[in-house]
Amino acid sequence: MKTLLSYLFIFSVTFTTLAQEKAIDERIILYEISTDKAYGTKPKTNIMVGSISNEYAFIAQLTGPNGEEITARRLGSGWPVKSKSSPFGKAMLDKWEITYDGLKEPIYLYLNGYDYQKPKCPMGLNFKKL
Numbered sequence: 057m058k059t060l061l062s063y064l065f066i067f068s069v070t071f072t073t074l075a076q077e078k079a080i081d082e083r084i085i086l087y088e089i090s091t092d093k094a095y096g097t098k099p100k101t102n103i104m105v106g107s108i109s110n111e112y113a114f115i116a117q118l119t120g121p122n123g124e125e126i127t128a129r130r131l132g133s134g135w136p137v138k139s140k141s142s143p144f145g146k147a148m149l150d151k152w153e154i155t156y157d158g159l160k161e162p163i164y165l166y167l168n169g170y171d172y173q174k175p176k177c178p179m180g181l182n183f184k185k186l
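The sequence shown begins at 57 in the working numbering and counts up by one.
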């Protein structure tokens, strides 16, 4: 019986922890669109979201300029940039491809999961109001 209770306790703690990790980090909620055309579209102007889970939360808020549903695809990691948060002094960026109906060419965004700076929505896109 003690073993069963121990397993139930571990399951409960694990499930609660996983559920809490799914909650959106309030630092990642978008409130404005960048006025910089290059923001996020080049490694040098990467969007600093602070963690990999924040990358997904950031992407989930994006829409087309008129509220169109987007399709986002992570293309991979690379494009090292200087970072104070990375143990090696460099952060590897993740490149994302953004498309939506009516868009002629994909938009490519570079997200930084190591460093944080209040993110904005890239110019040419919009965001869901949370």
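All C-beta atoms in this analysis are idealised placements derived from N, C-alpha and C, irrespective of residue type, glycine included.
- In this structure, DSSP gives K146 an extended state, which the three-state scheme calls strand.
- In summary, Y95 is buried, with 16 or more beta-carbon neighbours lying within 10 Å of its beta-carbon over all protein chains present.
- According to DSSP, I84 shares a beta bridge with no other residue.
- Per DSSP, N168 lies in no alpha helix (DSSP H) segment; the continuous beta strand (DSSP E) that holds it begins and ends at I163 to N168.
- The DSSP assignment places 127 to 138 as complete runs of the beta strand (DSSP E) inside the segment 91 to 148, in order along the chain (cut-off: 3 residues).
- The Cβ neighbour count for Y156, taken over all protein chains shown within 10 Å, is at least 16; the residue is labelled buried.
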